[in-house]
Amino acid sequence: MHAEARDFIARSRGEFSILEIGSRDVNGGIRDLFAGWDYLGIDRSAGAGVDVVADGATFETSKRFDVVACCEAFEHTANWREVIANAARLLKPGGLFIG
Numbered sequence: 223m224h225a226e227a228r229d230f231i232a233r234s235r236g237e238f239s240i241l242e243i244g245s246r247d248v249n250g251g252i253r254d255l256f257a258g259w260d261y262l263g264i265d266r267s268a269g270a271g272v273d274v275v276a277d278g279a280t281f282e283t284s285k286r287f288d289v290v291a292c293c294e295a296f297e298h299t300a301n302w303r304e305v306i307a308n309a310a311r312l313l314k315p316g317g318l319f320i321g
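223 is the number of the first residue of the sequence shown in my numbering; add one for each residue after it.
The following block contains the structure:
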């Protein structure tokens with residue numbers, strides 16, 4: 223993750239429910255910024271930082287989130303438009319999308 227993106231997220235945090243799409247920790251991530259909070263990390267591949275293996279474009283849950291973060295995942299998926307549409311669907315009204 224780029225330092226600028228991490229700094230922005232650190233400044234924007236609060237006690238929210240957070241969904242991270244593309245949460246596998248390859249070279250750093252944001253999970254540690256939200257330790258102890260309502261946090262769910264999904265990724266297409268299992269690994270560190272992944273709670274549920276799922277595609278961000280098709281992930282289903284009845285829960286809606288205050289924040290959906292997708293940091294540095296779009297360059298790794300051809301279906302980025304579908305990921306953004308699903309992220310919007312998974313947000314609570316007035317929620318924050320960080321991408």
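Even glycine gets a Cβ: it sits at the ideal position worked out from N, Cα and C.
Pairwise C-beta distances place the segment 286-296 in contact with the segment 244-259, as three or more of them are shorter than 8 Å.
Residue 265 counts as buried, since at least 16 other C-beta atoms from the protein chains shown sit within 10 angstroms of its C-beta.
Membership of residue 305 in the alpha helix (DSSP H) is indicated by the continuous run 302-312. At the C-beta level, residue 231 and residue 261 stay beyond 9 Å of one another. Taken atom to atom, the span from the alpha-carbon of residue 316 to that of residue 288 is near 8 Å.
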